[in-house]
Amino acid sequence: MSSFFGELGQVSEFECHDRADFSNDVLKSNTPMVLRGFARQWPAVSIAERSDADFHQYLRSQALETEVIVFSYNENNNGNLAYTKDLSAYAFQSSKVPFTTALDDIFSARNNDSSKHYCGSVPVSGCLSEFKKDHAVSFLDSTIEPRIWLGNASKVSAHYDVSDNIACVVSGSRKFTLIPPDQISNLYVGPIDFNLAGRPASLVDLDQPDLKKYPRIKEALSVGLQTQLYPGDAIFIPTLWWHQVESIGDFNCLVNYWWSKTNNNASEAYEALIHGLLTISGMPEAQRMQWRSFYDHYVFRLNGDPAEHIPEHKRGVLGNRTPEINKKIKQFLFRSMSSKH
Ligand SMILES: O=C(O)CCC(=O)C(=O)O
1 MSSFFGELGQ VSEFECHDRA DFSNDVLKSN TPMVLRGFAR QWPAVSIAER SDADFHQYLR
61 SQALETEVIV FSYNENNNGN LAYTKDLSAY AFQSSKVPFT TALDDIFSAR NNDSSKHYCG
121 SVPVSGCLSE FKKDHAVSFL DSTIEPRIWL GNASKVSAHY DVSDNIACVV SGSRKFTLIP
181 PDQISNLYVG PIDFNLAGRP ASLVDLDQPD LKKYPRIKEA LSVGLQTQLY PGDAIFIPTL
241 WWHQVESIGD FNCLVNYWWS KTNNNASEAY EALIHGLLTI SGMPEAQRMQ WRSFYDHYVF
301 RLNGDPAEHI PEHKRGVLGN RTPEINKKIK QFLFRSMSSK H
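Anchor point for the sequence shown: position 187 equals 187 in this note's numbering, and the numbering is continuous, going up by one each time.
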């Protein structure tokens, strides 16, 4: 697929026949994978293929009065859901409206010059009464809550999530540009605490990068991958892979599933990072590097098991992880952090 300065690699495609294929070849791969036709049998995909009006009516007939956040924008900035150029604000307005209003506004903004809308990451059970039961994915744990993303044409800046993700296109088409996690320093990531949807995002439009302002983006794009998905197609995006998502139709819908491979709450790793910002990032370099050795040893385990030489029954928090040990660590953290305000 051509981009601003050449061809990006294509995301590999995989045909998934059963749960074993899915677990062994997709989820364990730790690289993005396209699953063409993964949701081909979904009723919503067939209805959306008939017409936008039928699809709107289908969603409307089971819509609940939940409040959702909607981003509204005009087409001057090509639907880029990003910051303004000077980073002082967002290039869209955000408002809280009933889900039915969001749905109707998105539907009626198709093919006209009015302002466009986007509403993402809404838990399906909270906004559609029948959808989850009619669209079970047998390969995934049924406790994983699907989320729905609806909107007119838009482009979401490259960002990452702390969970693995299977995202299925229901209507319209979506172009995904993916960059591996280790490219973080070449992505010119925006503010952590002033961000578009909970996580920091790249300031660079990966389709039209400003190479003068962001020269290192070339490095990131040289290992970037792209793909375009159509109704019924899905993509597996592993944890922490950066993804820019362009919705290309007038009435787009995606449904995704996020879950964590480990039993730990994935967002706690992110919280640990923020705690590291507070505690370590401001130290003089020499001291930071000393801490780095400790983190490499205990956390990243670059030297192997840090408790190998300790008798098993005395390994404590370095021993096998059990719910009791996890609780003990959390209690320690909670006590020590609350005593320091
Ligand atoms: O499809 C979109 O608009 C964004 C989806 C996304 O970022 C995700 O599934 O993590």
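Ideal Cβ placement from N, Cα and C applies to all residues, glycine included.
Relative to the C-alpha of residue 95, which candidate in 87, 111 and 116 has its C-alpha closest? 116
Taking only heavy atoms of ligand 1 into account, decide whether any of them is closer than 7 Å to the Cβ of residue 152. no
Inside the segment 186 to 274 only - alpha helix (DSSP H) runs reaching at least 4 residues: 217 to 222
Reduced DSSP secondary structure (H/G/I, E/B, other) of residue 184: helix
Look up residue 176 in the DSSP assignment and say whether it is helix, strand or coil. strand
For my contact list, residue 172 and residue 252 are in at a C-beta cut-off of 8 Å; report their separation, rounded to the angstrom. 3 Å
Is the segment 36 to 55 close to the segment 167 to 181, with three or more CB pairs under 8 Å? yes
Based on Cα-Cα distance, which residue from 280, 104, 238 and 176 lies nearest to residue 163? It is 238 whose Cα lies nearest to the Cα of residue 163.
Cβ of residue 167 versus every heavy atom of ligand 1: is any distance shorter than 7 Å? yes
So which of 74, 186 and 176 has the shortest CA-CA distance to residue 207? 176
Hey, how far is the Cα of residue 226 from the Cα of residue 291? 37 Å
Residue 228 vs residue 158 beta-carbon contact at 8 Å: No, they are not a contact pair.
Is DSSP giving residue 149 helix, strand or coil here? strand
Once you ignore the five residues that flank residue 61 on each side, which residues in its own chain have a CB closer than 7 Å to its CB? none
Measuring only the C-alpha atoms, how far is residue 256 from residue 98? 21 Å
Since residue 106 and residue 152 should fall inside the 8 Å C-beta cutoff, what is the C-beta to C-beta distance between them, to a whole number of angstroms? 6 Å
Use the C-beta contact count for residue 205: other C-beta atoms within 10 angstroms, 16 or more gives buried, fewer gives exposed. Around the beta-carbon of residue 205, 16 or more other beta-carbon atoms lie within 10 Å, marking it buried.
Contact between the segment 31 to 38 and the segment 212 to 219: three or more CB pairs below 8 Å? Taking a cut-off of 8 Å for Cβ pairs, the segment 31 to 38 and the segment 212 to 219 do not touch, as fewer than three such pairs fall below it.
Beta-carbon proximity list for residue 232, same chain, < 6 Å, skipping 5 on both sides: 37, 39, 40 and 45
What are the boundary residues of the alpha helix (DSSP H) that residue 155 is part of? Careful: residue 155 lies outside any alpha helix (DSSP H), inside the beta strand (DSSP E) at 154 to 159.
Run the proximity test for residue 373: is its beta-carbon closer than 7 Å to any non-hydrogen atom belonging to ligand 1? For the chain, the structure presents residues 1 to 341; residue 373 sits outside this window and is missing.
CB contact flag (residue 317, residue 325, <8 Å): yes
Going by the C-beta, is residue 260 closer than 7 Å to any heavy atom of ligand 1? Result no, Cβ not under 7 Å from ligand 1.
Could you work out which residue in 124, 190 and 178 is closest to residue 145 when comparing CA atoms only? When each option's Cα is compared against that of residue 145, the closest is 124.
Mapping the DSSP letters down to three states, classify residue 127 as helix, strand or coil. helix
Consider the C-beta atom of residue 137 and the heavy atoms of ligand 1; say whether any pair is separated by less than 7 Å. no
Assuming residue 223 and residue 181 make a contact with CB atoms under 8 Å, what is their CB distance in whole Å? Going by Cβ atoms, the distance from residue 223 to residue 181 rounds to 11 Å, so no, they are not a contact pair.
Proximal residues to residue 142 (C-beta, below 8 Å), its chain only, five neighbours per side dropped: 136
Between residue 63 and residue 103, how many whole angstroms is the CB-CB distance? I'm expecting something under 8 Å. 6 Å
Nearest to residue 139 by CA position, among 286, 17, 209 and 113, is which residue? 17
Would you identify the three-state DSSP class for residue 303, choosing helix, strand or coil? Here residue 303 sits in coil by DSSP.
Give the range of the beta strand (DSSP E) segment to which residue 342 is assigned. Limits of the chain in this structure are 1 at one end and 341 at the other, which puts residue 342 out of reach.
Beta-carbon spacing of residue 154, residue 118 below 8 Å: For residue 154 and residue 118, yes; Cβs fall inside 8 Å.
Between 109, 43 and 87, which lies nearest to residue 71 when the distance is taken from Cα to Cα? 109
Sequence-distant residues of its chain with Cβ nearer than 6 Å to residue 270 (five each side left out): 162
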